[in-house]
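Chains as they are written, first to last, in the working numbering: chain A, 1 to 281; chain B, 282 to 562; chain C, 563 to 843; chain D, 844 to 1124. Virtual Cβ for every residue (Gly too), placed ideally from N, Cα, C. Bear in mind the structure is a predicted one, so any value in this text is a computation, not a measurement. Reading through the structure tokens given below for one structure.
Number of protein chains: 4
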Amino acid sequence: MYNLLKGKKGIIFGALNDKSLAWKVAERAYEEGAEFILTNTPVSMRLGEIDALAKACNTKVIAADATNVEDLENLLKQTMEHFGGKIDFILHSVAMSMNVRKNRTYDDVDYGFFMKTLDISAISFHKLLQSCKKIDAINDWGSIVALSYVAAQRTLYGYNDMADAKSMLESIARSFGYIYGREKKIRVNTVSQSPTLTTAGSGVKGVEGLMDFTERMSPLGNATADEFADYCITLFSDLTRKVTMQNLFHDGGFSSMGMSLNAMSMYNKSLENPIPDDILR
Amino acid sequence: MYNLLKGKKGIIFGALNDKSLAWKVAERAYEEGAEFILTNTPVSMRLGEIDALAKACNTKVIAADATNVEDLENLLKQTMEHFGGKIDFILHSVAMSMNVRKNRTYDDVDYGFFMKTLDISAISFHKLLQSCKKIDAINDWGSIVALSYVAAQRTLYGYNDMADAKSMLESIARSFGYIYGREKKIRVNTVSQSPTLTTAGSGVKGVEGLMDFTERMSPLGNATADEFADYCITLFSDLTRKVTMQNLFHDGGFSSMGMSLNAMSMYNKSLENPIPDDILR
Amino acid sequence: MYNLLKGKKGIIFGALNDKSLAWKVAERAYEEGAEFILTNTPVSMRLGEIDALAKACNTKVIAADATNVEDLENLLKQTMEHFGGKIDFILHSVAMSMNVRKNRTYDDVDYGFFMKTLDISAISFHKLLQSCKKIDAINDWGSIVALSYVAAQRTLYGYNDMADAKSMLESIARSFGYIYGREKKIRVNTVSQSPTLTTAGSGVKGVEGLMDFTERMSPLGNATADEFADYCITLFSDLTRKVTMQNLFHDGGFSSMGMSLNAMSMYNKSLENPIPDDILR
Amino acid sequence: MYNLLKGKKGIIFGALNDKSLAWKVAERAYEEGAEFILTNTPVSMRLGEIDALAKACNTKVIAADATNVEDLENLLKQTMEHFGGKIDFILHSVAMSMNVRKNRTYDDVDYGFFMKTLDISAISFHKLLQSCKKIDAINDWGSIVALSYVAAQRTLYGYNDMADAKSMLESIARSFGYIYGREKKIRVNTVSQSPTLTTAGSGVKGVEGLMDFTERMSPLGNATADEFADYCITLFSDLTRKVTMQNLFHDGGFSSMGMSLNAMSMYNKSLENPIPDDILR
């Protein structure tokens, strides 16, 4: 709509289906004039509908396991070949916890699973960055964004080892952002997004109650996947060149709330003698 | 009980009655071997029972309006005379908002009241510190603590202009802590305490609902006034000499929580179709 | 260049001359299709060259003292009359400390000056927001940005009472952002900008040394006024609708740095036996 | 000196020699009346002088590899047998990066080494906590402390993958602190300590320059190992029962500093035309 990404090339990780955050980013980036390669694991590609997205965005999909350096290097090389040069932006939206999937609570984690959570959800980001830098795959002033969540700062029951992975992901964005910034002027940030009913998110236990709570806590309500895509566009654009090593909350204000009138009123209904709404004002 | 403050002299602001945080700090400091002067405004002295506390702690009360530099200087001089020398610690527990008292909501504040909130709740701390430094009232390695609240970082409806005052209070602790540290090795910190049912706290609208929520959110429950006193003792002691310019959360873990199982279960009861507890585990 | 603000109306505070951050924001907003009113105090209007800016942006200047509620209401009413309706964005770039100007160090502040610092640099923002809300001057999903600095979180010698004012400014953004968000979907944020050689900034003692340090600490270097303007454009646009109550660092990464190789190497030169650069790598 | 830990039992990880932070904690805990088991890896036990410490503290050493769950369980069981019951406190001071040791820069890490860094420096803490909880090794209201560093929040060149490990360590303290708090009232915190010239710390490149800088930046100077020990005593004592899930800076104020006069003056000496000291005041 604004041609904000006109002439920019990129790679988008993690589009599974039309509920995915990455899917929406791809659609919006395309609208804004970007060209990009889509990528996901072979398994996710079979499960999802990424080919339809590729068609709609006039591009192709290159399979890659984000934990495999060879795969990443191959992806980057093929992408550079495809575009005949370096790229400008990357979205990393990759996360998975076997402990969550297998209902291993955080005080009973399997350490093999834990390592896998870290490898898929955090170290994959380092592998991507290191591969990019070694191959010199990104133009100066490029922009890299990874998806995070407020659990990196504050504990939410049931979020399990993903909280630790997100903390580490944000740390990697800072640590590598320093090096990539000083040497190539490339910026690296994470966006901490509201809980979103993606296919991934909907697996989390009791997510509806949590989303009702965060919706009422956030003065602007939960941020949607479409809004996430809009925000990413600004971060990939040339208008945010000096923002780096940041974790940016995109959450309708949730992260800065202690208690809203709306959430408190709802909560009070659960008490035996709820406090009348009018004295809460 | 441990003689942690043996030989230490101090001043304690803000003891109104036996529910006050400052009252508990006085009792505990006395037990730990400290000597101190109690102080409060003339009005609060009439309203409260501070004389009983003074008697129990074998000390006296010197009236002072904490927003009045002359009063503060007089307090400090009298205190130094009383002890025949400098002091070692100070507790600042002073806060008031006329906007809250007069039910002026935050989008309809009276700016005269706002200035008064800042003067009483934040600038008074600067006035105290500046007076102490000018008079050279505090021994090297002394310790100063002011009372804060998580509203300085996260918005709680109804907390009004006190949130801004607490933010500024914490900033003053850093700004003056730098100067007092470099020149006199004196440390300055704030303690961010759980909501507590003091006479001051109980005036806040809907505080019971909030305290139920924070109790359930905090893995260790809300911190009590007695526990606050214990914590202050450690901060006044010689064991925390290199902690300065910090805001220290003393809140049973609340500040690091996004959502607890306990609070979520309670919240879900308020939904039309609450999620069964067992799938929340 | 992108028409990001096409059809949007706004008010820009604080353009003094072509070094001002606000000046650059005005120029960029104009390029992006926005219409806006410029405002400053009568004194600043005389000192500066704001009329030239108004001419270049095809607009006019309305004088207002940002600490004066009547002036603000008058400004808002005239602005709404001018545009025949509500506005969409505001930039608040207003700050002044008489203690800094008069060389009153932070341990010797004048409290009249301190109150003035707070009134001009922080409470003026509340007055603006409250006036806007009372008059209903801003369209739903509007965006308000105020200028902050990292001194709100970390003490820099010589920054004096401005640090406390900036802390409070950021708190006001959260506190009012909650209310304005829940009632009108309007977002309120602060941008924490690198030190910039504006007319205001150049008055700070030893600012060249500090800017050399922050330049070397920041992997992308200090953010310039032009880059600040670009960033503000994204925050005023419709692409950042769910970002609110945030303090956003626009500083080339400085806020996330502990120590860079570049700054350390420079620092080491000052040591008697500097550590050879090659072992620092 | 105060009997603050009288009757308390514990385990102390990571005492290598008399420069170790853990060594100092052991000495102070002993003075304060605690009984504890010392533990370290077999290799560290051979390299260091832990037996001398054990003798001085009238206790014994049980070897354990902190990445090995069996070893940890064995350690806990032997410890409980030794004391005839549960313990009250643990110090986790365990960290190592092969990437640092082998001079693999952060943009050229070996991922096997990276995993090892995480396992030793962060996951070992989870393994310890999970083992403790499964065996029910800790009394209600027990206290667990792990050693962290400001690199978890801010990037320091050369700190490499240890920054990510420390971020994750602090996240684990929050995540497990929530569970251990709600179920057993046990608190879990990290202490973020000044750089200290331990045997481990002295391996970091250019650490002298950094320590000179942090010494001058911190109003109280760098915190020493002895002071770290004092602070840990307060965290193990009953006076800090409601402090949990926190990262506590023990650093002379460094973490809250943006720039000190002292560090700036030193830095300016390195400039070609240094700014005279007197205009910096």
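Query: DSSP beta-bridge partners of residue 294 (chain B); Result: B:320
Query: Complete runs of the beta strand (DSSP E) confined to the region 572 to 658 of chain C [at least 3 residues]; Result: 597 to 602, 623 to 625, 649 to 654
Query: Sub-7 Å separation of residue 638 (chain C) and residue 582 (chain C) beta-carbons; Result: no
Query: Burial state of residue 620 (chain C), where buried means 16 or more other Cβ atoms lie within 10 Å; Result: exposed
Query: Assumed close pair residue 64 (chain A), residue 39 (chain A) - CB separation to whole angstroms, cut-off 8 Å; Result: 5 Å
Query: Contact with chain C by residue 388 (chain B), beta-carbon distance below 7 Å; Result: yes
Query: Closest by C-alpha distance to residue 86 (chain A), when choosing among A:41, A:127, A:116, A:140; Result: A:140
Query: Best match in A:96, A:89, A:234, A:54 for proximity to residue 250 (chain A) [C-alpha to C-alpha]; Result: A:234
Query: Whole-angstrom C-beta distance between residue 403 (chain B) and residue 449 (chain B), which should lie under 8 Å; Result: 4 Å
Query: Residues that residue 145 (chain A) bridges to, as DSSP identifies them; Result: A:91, A:189
Query: Residues that residue 512 (chain B) contacts on chain D, provided the C-beta gap is smaller than 8 Å; Result: 1082, 1083, 1085, 1086
Query: Own chain residues within Cβ distance below 6 Å of residue 526 (chain B), not counting five before or after; Result: 455, 458
Query: Where residue 692 (chain C) meets chain B, residues with beta-carbon distance less than 8 Å; Result: 388, 389, 390
Query: Under 8 Å by beta carbon: chain C residues contacting residue 459 (chain B); Result: 717, 719
Query: Pair within 7 Å by beta-carbon distance, residue 242 (chain A) and residue 782 (chain C); Result: yes
Query: C-alpha gap between residue 977 (chain D) and residue 922 (chain D), whole angstroms; Result: 15 Å
Query: Inter-residue spacing [alpha-carbon to alpha-carbon] between residue 12 (chain A) and residue 152 (chain A); Result: 23 Å
Query: 9 Å Cβ cut-off: residues of chain D touching residue 712 (chain C); Result: 1101
Query: Segment contact, 8 Å Cβ cut-off, at least three pairs: the region 111 to 126 of chain A with the region 1023 to 1032 of chain D; Result: no
Query: Neighbour list for residue 504 (chain B) in chain D, Cβ cutoff strictly below 7 Å; Result: 1085
Query: Cutoff 7 Å: residue 213 (chain A) Cβ touching any chain B Cβ; Result: yes
Query: Alpha-carbon spacing of residue 49 (chain A) relative to residue 32 (chain A), whole angstroms; Result: 22 Å
Query: Residue 1065 (chain D) beta carbon less than 7 Å from that of residue 1037 (chain D); Result: yes
Query: Partner residues on chain D for residue 637 (chain C), Cβ-Cβ distance less than 7 Å; Result: What residue 637 (chain C) touches in chain D: nothing, since even the nearest Cβ is about 34 Å away.
Query: Bounding residues of the alpha helix (DSSP H) (the contiguous stretch that carries residue 811 (chain C)); Result: Taken as a continuous stretch (DSSP letters only), residue 811 (chain C) belongs to no alpha helix (DSSP H), being part of the beta strand (DSSP E) at 809 to 812.
Query: Backbone CA spacing between residue 859 (chain D) and residue 1007 (chain D) [nearest angstrom]; Result: 24 Å
Query: Neighbour flag for residue 269 (chain A) against chain B, beta carbons, 7 Å; Result: yes
Query: Cβ pair residue 66 (chain A), residue 124 (chain A) closer than 7 Å; Result: yes
Query: Residue span of the alpha helix (DSSP H) that contains residue 1024 (chain D), given as start and end; Result: 1004 to 1027
Query: Beta-carbon spacing of residue 760 (chain C), residue 809 (chain C) below 7 Å; Result: no
Query: Rounded straight-line distance, which links the Cα of residue 1072 (chain D) to that of residue 869 (chain D); Result: 8 Å
Query: Neighbour flag for residue 562 (chain B) against chain D, beta carbons, 7 Å; Result: Caution is warranted here: a pLDDT of 41 is assigned to residue 562 (chain B), below 50, making its placement in the model unreliable, and no coordinate value can be reported.
Query: For residue 279 (chain A), three-class secondary structure by DSSP; Result: Low confidence applies here, because residue 279 (chain A) scores a pLDDT of 49, under 50, leaving its location unreliable and the question unanswered by this model.
Query: Distance, residue 408 (chain B) Cα to residue 661 (chain C) Cα; Result: 15 Å
Query: Contact check, residue 602 (chain B) vs residue 473 (chain B), beta carbons under 7 Å; Result: With chain B covering 282 to 562 only, the question about residue 602 (chain B) has no answer from this structure.
Query: Residue 1013 (chain D) versus residue 353 (chain B) - alpha carbon distance; Result: 41 Å
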